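Okay, so here's the structure we're looking at.
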Amino acid sequence: MDRETFLTRKRYNRTSKFYDWMDRMISSDLREKTLSQATGKVLEVGVGTGKNLEYYPLDCNIIGVDLSPGMLNRAKERAKLLKHPVKLLEMDAQNLNFQNDTFDTVVATCVFCSVPDPIRGLKEIKRVCRPQGKVILLEHVRSDNLVFGKIMDILDPLTVRMMGPHINRRTIENIDKAGLRIKSVEDQHLKILKLIIAEP
Ligand SMILES: C[S@@+](CC[C@H](N)C(=O)[O-])C[C@H]1O[C@@H](n2cnc3c(N)ncnc32)[C@H](O)[C@@H]1O
């Protein structure tokens with residue numbers, strides 16, 4: 034594991050103790066709208082404390098992976114209350130331990146702000162998603178607004194060290210660079226949070 038990945042894991046292990054209390058980025062309505070689009074065999078990358086799990090359709094077969102054991106332990110507690118079985122594994126998004134073309138749907142919500150090499154992680158998603166499959170991403174990105182974007186650049190080193198996420202990632206560009214085909218982008222809060230549907 035490289036140093037940046039090691040540090041990301043360490044930061045999220047720390048953040049896991051207050052993540053559920055602190056996180057207000059995604060409303061439950063938006064989680065429901067996002068996850069209702071998942072079908073079949075699903076991989077959720079960066080499953081975190083499992084906040085999405087209750088919103089998947091009941092016939093989905095879900096595997097959730099995360100870099101941080103601290104976050105995963107919370108997700109495991111949550112998964113006990115669910116009606117459908119979920120498998121939770123410690124794994125790095127930059128190096129997914131699955132064969133090519135394994136999943137019908139790959140999901141990540143507010144994850145590629147934190148993966149140290151996001152293009153490598155997005156390429157892994159493309160690899161493990163079936164050719165006819167769907168990639169669902171809900172990600173916050175650097176603002177296009179000149180002033181707000183600059184403020185995000187200045188604050189970024191702080192947010193990374195304090196909690197884990199970069200706030201100035203250009204994730205739409207990264208998705209494109211990873212070779213995923215973007216089908217739609219729907220702006221959410223302040224155009225910073227985006228619901229992106231893509232194909233491998
Ligand atoms: C901001 S949290 C989002 C958690 C969850 N997806 C949600 O919507 O609440 C980011 C998550 O990505 C995970 N993460 C960061 N880098 C990762 C990597 N390289 N591989 C897998 N998970 C990673 C973190 O451990 C953390 O759980």
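My numbering runs 33 ahead of the 1-based position in the sequence shown.
Cβ coordinates follow ideal geometry from the N, Cα and C atoms, glycine included.
As the structure is a prediction and not an experimental result, all values here were calculated from the model.
- Where residue 217 is concerned, the enclosing beta strand (DSSP E) starts and stops at 214 to 220.
- Taking 7 Å as the cut-off, the Cβ atoms of residue 232 and residue 204 do not count as close.
- Under the three-state reduction of DSSP, residue 53 is assigned to helix.
- In the three-state reduction of the DSSP assignment, residue 46 falls in the helix class, which pools H, G and I.
- The DSSP-derived three-state label of residue 39 is helix.
- Residue 65 and residue 39 have their C-alpha atoms some 32 Å from each other.
- In the structure shown, the three-state DSSP call for residue 76 is strand.
- Placement of the Cβ of residue 100 at a distance of less than 6 Å from at least one heavy atom of ligand 1 is found.
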